[in-house]
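**Q** This is the structure I want to talk about, given as structure tokens.
2 protein chains.
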Amino acid sequence: MSLVVVGTVALDSVKTPFGEANDVLGGSATYFATAASYFTKVRLVAVVGRDFPGEHLRFLESKKIDLSGLQTLDGKTFRWRGEYGFQLNEAHTLETQLNVLEEFRPDLPASYRDAEMVFLGNIDPRLQQEVLRQVKRPKLVACDTMNFWIEGKRDDLNQTLRQVDIVIINDGEARELAAEANLVRAARKILSEGPKTLIIKRGEYGVLMFNEKTAFAAPAYPLEAVFDPTGAGDSFAGGFMGYLTQSGDFSDVGIRRAVIYGSVMASFNVESFSLDRLSRLTRNEIDDRYREFGRLTYFEDLKTV
Amino acid sequence: MSLVVVGTVALDSVKTPFGEANDVLGGSATYFATAASYFTKVRLVAVVGRDFPGEHLRFLESKKIDLSGLQTLDGKTFRWRGEYGFQLNEAHTLETQLNVLEEFRPDLPASYRDAEMVFLGNIDPRLQQEVLRQVKRPKLVACDTMNFWIEGKRDDLNQTLRQVDIVIINDGEARELAAEANLVRAARKILSEGPKTLIIKRGEYGVLMFNEKTAFAAPAYPLEAVFDPTGAGDSFAGGFMGYLTQSGDFSDVGIRRAVIYGSVMASFNVESFSLDRLSRLTRNEIDDRYREFGRLTYFEDLKTV
């Protein structure tokens, strides 16, 4: 199966208590595609400006990411500048320069249109729908979103929600989307709008997954050194969708396993700035950490008492 | 084996977005003992004033809690008044009346002194040590503490930490105790002070357990209705220590299971005000929820892929 992702490719400037990095490779589609590349071939849909460094393109190509859907427009690449305090769970955006992102209209190459798996990264819900209109009956569609669209383009976002199978958002967004403080009730409300599965990312507290019948809680991997949380959510989504594409198992058991692979990729990503750690992994390292998640969460069932 | 707990017995006035309760039964030792009573016999060490209602004594006796270590002093019972916002994770203390707690000196009845298991609730670390001096070689000692003692009686607290096997505190306290924002490094530092096991309570985000060799993450049970978080941490400690007393299994596997039983008791406790839900449970309900924790956290290991 093949996986299409639409989202941003950015140049990020990030400051954390442990250092800073300027004009480094970032963007939701970049983190997603790099994480997913360890599981499957990824077809990327995004835009950059003329200033986008060739070395970044070569890096993405080295991950076998299909860039035929990456547009280059006159102007500068989307830039994000942010800062994290010691509470690394939340970014403070200092500056956003949309640049070429303002004129972005996704235009999928013919070779992408039979994609079975689609991830709609956090962009304008109208653009998310334009992508959906260009793919032919995908088997599984997942999306992300953010407060900006929840508040500003609610009708368009509702339209997207009706068309997706899985929603992957953070806890604050889930509460805002449902206008409900309790996450279990918020989840029920969001699932009633169309999606079959809701995945709530809680940063250092891990992930909650809800579907019609069950709930699943996965912790974050306890790390001794978290250097830069930028892209953790997108790396999660990339590992999650990448594994689902590879396995083709969309059952509850398969989705739980994908949640752990997503958590594994997020845990690697925060270990260094930008994509430094995420870019040089082996599948063995990934599977080893998956097993560590098993040890981290293991307890004996009562049957064995 | 027998379990001694020292802590507070209080009359609480609590306001949450869902209602309020005035002068209801509360206190760390009360929640702890009630939760533990489903697993083992509990011997309580605490103090109340002359105003303490007889019905509360009869309730504790109905749970087979040994009250021969409960002193009644002239004066009023310890009172706490607090409030929770929609973010139910943190209490805002509005008023604390120490009352008879100011003169409290733990005095263990002779029948308590051979206790194998001791829980030192969140009181002055000097009083925690007075309790330890009165018990004869217990097999396992655990303690709680809070920012007030970390900041104000650090030397005494360090003395307590050197004498206990298990520390059960919340994440803010762990960070403050270790002067370290990263929880994994904070845990390592606290374990280097003496305790073999550290359990970090994270409210709605569950629990992290660290010992020399392993880490264990347990989620909180996702509840649709959290009415009153008061006593959740003490109910956790009660279920945890109660189960360890019953099982006598202090291995990593046994402690993990105890963490789940603690989480089960905390999840029941927050479902209603005061001890309303915690007081009328059956062991079957408790074991059923233990099994639900199993389903909530289950994912397939790679071996079965």
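Those protein sequences? They're chains A and B, same order as listed.
Under the working numbering, the first residue of the first sequence is numbered 2, with each subsequent residue one higher.
Under the working numbering, the first residue of the second sequence is numbered 2, with each subsequent residue one higher.
The beta carbon of each residue, even a glycine, is placed where N, CA and C say it ideally should be.
(1) How big is the Cα-Cα spacing for Ala-11 (chain A) and Val-49 (chain A)?
(2) Against Ile-261 (chain B), what residues of chain A qualify as contacts under a CB-to-CB distance less than 7 Å, listed in chain order?
(3) Beta-carbon separation of Pro-126 (chain B) and Asp-166 (chain B) under 8 Å?
(4) Is there contact between the region 57 to 73 of chain A and the region 26 to 41 of chain A, where contact requires at least three CB pairs shorter than 8 Å?
(5) Excluding the 5 residues flanking Val-101 (chain A) on each side, which residues of the same chain have their C-beta closer than 6 Å to its C-beta?
(6) Tyr-244 (chain A) versus chain B: which residues are under 9 Å apart at the beta carbon?
(7) Please report the distance separating the alpha-carbon of Val-306 (chain B) from that of Gly-8 (chain A).
(8) Using beta carbons (cut-off 8 Å, strictly below), is Glu-286 (chain B) in contact with chain A?
(9) Can you pull the chain B neighbours of Arg-203 (chain A), defined as C-beta to C-beta under 8 Å?
(10) By DSSP, does Thr-161 (chain B) sit in helix, in strand, or in coil?
(11) I need the DSSP call for Leu-95 (chain A), collapsed to helix, strand or coil.
(12) Within 10 angstroms of the Cβ of Ser-252 (chain A), are there 16 or more other Cβ atoms? Answer buried if so, exposed if not.
(13) Determine the direct distance from the alpha carbon of Leu-282 (chain B) to that of Gly-1 (chain A), and round the result to whole angstroms.
(14) Starting from the Cα of Arg-82 (chain A), find the closest Cα among A:Val-208, A:Lys-190, A:Val-15 and A:Ala-259 and give me that residue.
(15) Where Gly-239 (chain B) and Arg-134 (chain B) are concerned, what is the direct C-alpha to C-alpha distance, given to the nearest angstrom?
(16) Counting only beta-carbon atoms, is Phe-87 (chain B) nearer than 8 Å to chain A?
(17) So what does Lys-214 (chain A) bridge to, in DSSP terms?
(18) So for Met-2 (chain B), helix, strand or coil by DSSP?
(19) Can a CB atom of chain B be found closer than 8 Å to the CB of Arg-290 (chain A)?
(20) What are the start and end residues of the alpha helix (DSSP H) that includes Met-242 (chain B)?
(21) So who's on the other strand from Phe-33 (chain B), going by DSSP bridges?
(22) Would you check if there are 3 or more beta carbon pairs closer than 8 Å linking the region 141 to 150 of chain B to the region 169 to 179 of chain B?
(23) Is it right to say Lys-202 (chain A) is buried, meaning 16 or more other beta carbons lie within 10 angstroms of its own, or is it exposed?
(24) Mind checking Gln-129 (chain B): buried by the 16 CB within 10 Å criterion, or exposed?
(25) Would you be able to state if there are at least three C-beta pairs under 8 Å between the region 288 to 302 of chain A and the region 90 to 106 of chain B?
(26) Quick check on Asn-183 (chain A) - is its C-beta less than 8 Å from some C-beta in chain B?
(27) Kindly give me the distance between the Cβ atoms of Asp-157 (chain B) and Ser-29 (chain B), rounded to whole angstroms, as I take these residues to be in contact under 8 Å.
(28) For Phe-217 (chain B), return the contacting residues in chain A, with the cut-off set at a CB-CB distance below 7 Å.
(29) Under the assumption that Leu-4 (chain B) contacts Ala-111 (chain B) (Cβ atoms under 8 Å), give the Cβ distance between them as a whole number of angstroms.
(30) What runs of the beta strand (DSSP E), each 3 residues or longer, lie entirely inside the region 171 to 232 of chain A?
(31) Strictly under 8 Å for the Cβ-Cβ distance: is Ile-200 (chain A) near chain B by that measure?
(32) Under the rule that 16 or more other beta-carbon atoms within 10 Å means buried, what is Leu-95 (chain B), buried or exposed?
(33) Kindly indicate if chain B contains any beta-carbon less than 8 Å away from that of Glu-103 (chain A).
(34) In its own chain, which residues sit with a C-beta less than 7 Å from the C-beta of Gly-249 (chain B), not counting the 5 before and 5 after it?
**A** In short, the structure shows the following:
(1) 7 Å
(2) Phe-300
(3) no
(4) yes
(5) Val-48, Gly-50, Leu-74 and Gly-76
(6) The contacting residues do not exist; Tyr-244 (chain A) stays about 11 Å from chain B at best.
(7) At Val-306 (chain B) the pLDDT is 47, less than 50, meaning the model places this residue with poor confidence; the figure from the coordinates comes in the next sentence. Cα to Cα, the separation comes out at about 31 Å.
(8) no
(9) Tyr-206
(10) helix
(11) strand
(12) exposed
(13) The structure shown does not extend to residue 1 (chain A), since chain A spans only 2 to 306, so no value can be given for it.
(14) A:Val-15
(15) 22 Å
(16) yes
(17) For Lys-214 (chain A), which the question treats as bridged, DSSP gives no partner whatsoever.
(18) coil
(19) no
(20) 233 to 248
(21) Beta-bridge pairing links Phe-33 (chain B) to no other residue.
(22) yes
(23) buried
(24) buried
(25) no
(26) yes
(27) About 18 Å; that fails the 8 Å criterion.
(28) Leu-297
(29) The Cβ separation is near 17 Å, so there is no contact.
(30) 198 to 202, 208 to 212 and 216 to 219
(31) no
(32) exposed
(33) no
(34) Met-2
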